[in-house]
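Numbering (the UniProt record's numbering), first residue to last: 1 to 151.
Notes follow once the structure below has been shown.
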């Protein structure tokens, strides 16, 4: 009897098929049956946490998909709008003001970059073919040191 209990316990912990317990199948005993398929509450909690994590990821993806759909619809509506030649005077005036505001914003950011000693690669906006090259040493003396001091 002791040998069979040891074997049953070893099989249980090693993951092998456990031997059926003869006492557990007796309906007259009040002891709980350890071989029932009752879920372990810790396992259920971990499963629920994993399901919640997956649901959060799914919700984020669904929200991202909705944003992208709205963005695509907005782009499509812009594409289907009237061409600039057919815009009335008021809408043309609004467009002009918006473009001027955008130009001022670009100039403001460019001046901040210049003030912060951040290299601004182009002399003017839109001149991508003419990059600004700043040389640190403008002297014509070849044997002068890199410090630029005259002694």
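Just so it is clear, CB atoms sit at the ideal spot from N, CA and C, and this is done for glycine as well.
These numbers were taken from a predicted model, which means no experiment stands behind them.
Tell me whether residue i is buried or exposed, calling it buried when 16 or more other Cβ atoms sit within 10 Å of its Cβ.
i	result
residue 117	exposed
Just to check my reading of the structure: residue i and residue j have Cβ atoms closer than 8 Å, yes? What is that Cβ distance to the nearest angstrom?
i	j	result
residue 87	residue 95	7 Å
Please report the residue range of the alpha helix (DSSP H) in which residue i lies.
i	result
residue 60	41-80
residue 110	89-115
Could you pull out every residue in the same chain whose Cβ sits closer than 6 Å to the Cβ of residue i, ignoring the five residues on either side in sequence?
i	result
residue 9	none
Leaving aside the five residues before and after residue i along the sequence, list all residues of the same chain whose C-beta is less than 7 Å from its C-beta, in chain order.
i	result
residue 115	none
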